[in-house]
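Structure first, commentary second.
Residue numbers (full-length UniProt numbering): 1 to 246.
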């Protein structure tokens, strides 16, 4: 059953919450993904089998939540995540961040470390609006973005193109994590596929090098793609969470 939370910012956030023992697990999805995706549903079953508290939700403009996707930004989605974690979880949580969700999880870790028991990232994409979109734009795309406020990019994950707005780029620059110290004082497990067309291995290596913490590991999975949703990859996610909880 889908429930909804009205945030202080006036956004209506859809969520599924499973009761269980703590520390709970919170899944943070990716750009234009939702809580009915393979990893989110698999983790819900994983949590049920272990009587582990679990929370999955849709950012505003995603899935069953209110709002339009093209109106959103990293800051909005970070605030959505912060609101649901503050309102719907008890004590420190293990954050599982996929792609953009990895960036959101790092922002949570930076601003409210007391709520983080551990971190598992899956093809984490910190600062992707800058090091992915903006760096990848040609001159014509940059000019179009500045002149009209948006530019459309083809998507490998559906028929509809991505509409990238100037607000998304500008707001992303206000929420960068790779340009300042990034302490992660809890267990961190990073998972990255070698065949990921969206997040290069170099991003994972740079994050590992940039962040500071006493218990950080990066696992590279040969031939795994960005979805990281094969049975073998899903099993690795579960093992990484178990490792953090241990």
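Even glycine gets a Cβ: it sits at the ideal position worked out from N, Cα and C.
Continuous alpha helix (DSSP H) stretch holding residue 109: start and end: Counting from 1 along the chain shown, the entry for residue 109 is found at position 109. Residues 100-111.
DSSP state of residue 52 mapped onto helix, strand, coil: Residue 52 sits at position 52 when you count from the first residue of the chain shown. Residue 52: strand per DSSP, three-state reduction.
Inter-residue Cα distance where the pair is residue 192 and residue 87: Stepping through the chain shown from its first residue, residue 192 is reached at position 192. Stepping through the chain shown from its first residue, residue 87 is reached at position 87. Cα-Cα distance, rounded: 31 Å.
Three or more C-beta pairs below 8 Å linking the region 46-56 and the region 105-125: Contact between the region 46-56 and the region 105-125 is absent, because fewer than three Cβ pairs lie under 8 Å.
Residue 4 burial status per 10 Å Cβ neighbour count (16 or more: buried): Indexing the chain shown from 1 puts residue 4 at position 4. Result: exposed.
Straight-line gap, residue 284 to residue 208 (C-alpha atoms, nearest Å): No answer is possible for residue 284: it lies beyond the span of the chain, which begins at 1 and ends at 246.
Beta-carbon proximity of residue 57 to residue 18, cut-off 8 Å: Mapped onto the chain shown, residue 57 falls at position 57. Mapped onto the chain shown, residue 18 falls at position 18. With respect to residue 18, residue 57 sits apart: the two C-beta atoms are not nearer than 8 Å.
Close-in-space but distant-in-sequence residues of the same chain around residue 253 (CB under 7 Å, 5 per side omitted): Nothing about residue 253 can be read from this structure; the chain reaches only from 1 to 246.
Expected contact under 8 Å - CB spacing of residue 62 and residue 33 to nearest Å: As a first step, residue 62 is located in the chain shown; it is residue number 62 there, counting from the start. As a first step, residue 33 is located in the chain shown; it is residue number 33 there, counting from the start. Indeed, because the Cβ distance is near 7 Å, the residues count as touching under 8 Å.
Bridge partner(s) assigned by DSSP for residue 59: In the chain shown, residue 59 corresponds to position 59, counting from 1. According to DSSP, which records beta bridges pairwise, residue 59 is partnered with nothing at all.
Whole-angstrom C-beta distance between residue 217 and residue 178, which should lie under 8 Å: Locating residue 178 in the chain shown gives position 178, counting from the first residue. Locating residue 217 in the chain shown gives position 217, counting from the first residue. Not quite, the Cβ-Cβ distance comes to about 19 Å (not below 8 Å), so this is no contact.
Supposed close pair residue 95, residue 28 - CB separation, criterion 8 Å: Counted from its first residue, the chain shown places residue 95 at position 95. Counted from its first residue, the chain shown places residue 28 at position 28. Indeed they touch by this definition, with Cβ atoms about 6 Å apart.
Buried or exposed by the 16-neighbour rule on C-beta atoms within 10 Å, applied to residue 8: What you label residue 8 is simply residue 8 of the chain shown in a count that begins at 1. Residue 8 should be labelled exposed.
Environment of residue 80 [buried if 16+ CB atoms lie within 10 Å]: Counted from its first residue, the chain shown places residue 80 at position 80. Buried.
Exposed unless 16 or more other CB atoms sit within 10 angstroms - verdict on residue 24: Taking the chain shown and counting its residues from 1, the one referred to as residue 24 is at position 24. Buried, since its Cβ has 16 or more Cβ neighbours within 10 Å.
Sequence-distant residues of its chain with Cβ nearer than 8 Å to residue 70 (five each side left out): Locating residue 70 in the chain shown gives position 70, counting from the first residue. Excluding sequence neighbours, residue 70 sits near 61, 150, 163 and 165.
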